[in-house]
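Colleague: Residue numbers (this note's numbering): 4 to 307. The beta-carbon is built from N, C-alpha and C at its ideal position, and this holds for glycine as well. Sharing a structure with you now.
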Amino acid sequence: MKSSSMLSRAFFRRPNVRSLGPNMKLVLVAITVGCESNIGTYRPVGLAEDTGLDLNVLADALADLERCGHLVRDQSTGELFLADFFRDNTFRNHRRYIQAQNDLLRVDSILLREKILTAVSQNSGCGLVVKNQQLAWQVEAQVEDKQNEVEEQRNPGAHVSSKHPSTASRSQANRTLKNWEERPSGIETWNAEDVTAAEKLETDYTKDLISAVTQRLIDAGISPLPKRVKRELVTQQRLREIRRKRTEAEAAAQIRLSAPPAMDAAVVARGNQMLERGKRANKLRSEYCTQPPVQPSMHEEELQ
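Below you can see the structure in the form of structure tokens.
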């Protein structure tokens with residue numbers, strides 16, 4: 004099952020989507036995002052709750068989408084197929100090919116299987132091809148075609164059919180696929196050089212970091228080869244270093260703002276001196292105020 008689903012940036016700008024009504028757009032988006040299959044099949048369970056539409060309105064929207072060519076439905080099995088699925092999804096590594104192959108085997112509808120193979124053959128950029136009415140990966144097909152070219156050069160008069168490859172081409176394709184290996188850390192290797200690079204990465208970095216990077220690459224449809232994993236790890240390490248320095252700078256700035264400003268020693272001494280003078284003045288003032296009043300003399304009384 005897919006771990007995430009995304010809409011293409013130009014999804015709503017497509018003419019066949021722009022011309023749809025609001026309910027049809029809502030249902031199409033809900034199916035596209037909610038589709039967990041790697042080959043675009045969907046069972047509309049809980050679709051009414053996801054869209055918030057009435058069952059009759061939902062049924063009309065599904066029928067309209069099927070009539071416009073966005074969906075293919077098999078009423079006997081209840082399965083749907085998104086017609087543009089292989090236009091928006093790519094299979095760039097062997098893991099994704101295996102996932103698509105396994106999901107194709109789970110499809111009950113024979114009609115939908117034929118539609119899926121037709122859609123794959125019409126979208127050559129998705130990374131899958133059809134070989135003998137079965138899904139195949141483009142790398143395997145390229146190896147087979149290359150061997151056919153070599154065989155034709157050796158035997159100009161012989162005709163080599165791509166649907167029935169020679170024993171040499173099949174063995175070469177199988178040997179190429181057998182060299183593929185997925186390590187416990189999630190890194191994919193194809194040769195001894197990849198194995199050496201993967202072992203070095205597993206020594207230099209923790210398993211959690213490598214697993215997170217490989218999963219991110221797989222979700223993006225990119226094969227987690229050692230070179231790509233190393234590039235992502237180095238980028239993340241640089242970003243962590245930048246964040247650490249930024250955090251330290253912000254903490255230092257906060258300390259400078261909260262600390263009292265530094266004062267010159269002469270200013271401090273002058274302040275202490277003025278404080279002592281003020282204390283003495285207050286003491287003299289308090290002593291003067293507590294003295295008894297002076298009695299007038301006899302001469303002053305006579306004058307009065």
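#1: How many angstroms separate the CA atom of D211 from the CA atom of R234?
#2: Could you check how far apart the C-beta atoms of F84 and L115 are, in whole angstroms? I think they sit under 8 Å.
#3: Taking all protein chains shown into account, do 16 or more other C-beta atoms lie within 10 angstroms of the C-beta of R109, making it buried, or fewer, making it exposed?
#4: Report the rounded CA-to-CA distance for V232 versus R186, giving the unit in angstroms.
#5: Could you pull out every residue in the same chain whose Cβ sits closer than 7 Å to the Cβ of L61, ignoring the five residues on either side in sequence?
#6: In angstroms, rounded to a whole number, what distance separates the CA positions of I101 and F88?
#7: Could you check if T238 is buried or exposed, using at least 16 other CB atoms within 10 Å of its CB as the buried criterion?
#8: Any idea what DSSP makes of Y100, helix, strand or coil?
#9: Can you tell which of V32, A254, C129, G274 has the C-alpha that lies nearest to the C-alpha of R12?
#10: So the alpha helix (DSSP H) D87 belongs to, where does it begin and stop?
#11: Alpha helix (DSSP H) containing L31: first to last residue?
#12: Determine the closest residue to I221 out of S22, N41, K203, with distance taken between C-alpha atoms.
#13: With DSSP as the reference, label D57 as helix, strand or coil.
Modeller: Answer, in terms of the structure:
#1: 16 Å
#2: 5 Å
#3: exposed
#4: 13 Å
#5: V30, L50, A51, T54
#6: 17 Å
#7: exposed
#8: helix
#9: V32
#10: No alpha helix (DSSP H) holds D87; DSSP gives it neither H nor E.
#11: 25-37
#12: N41
#13: coil
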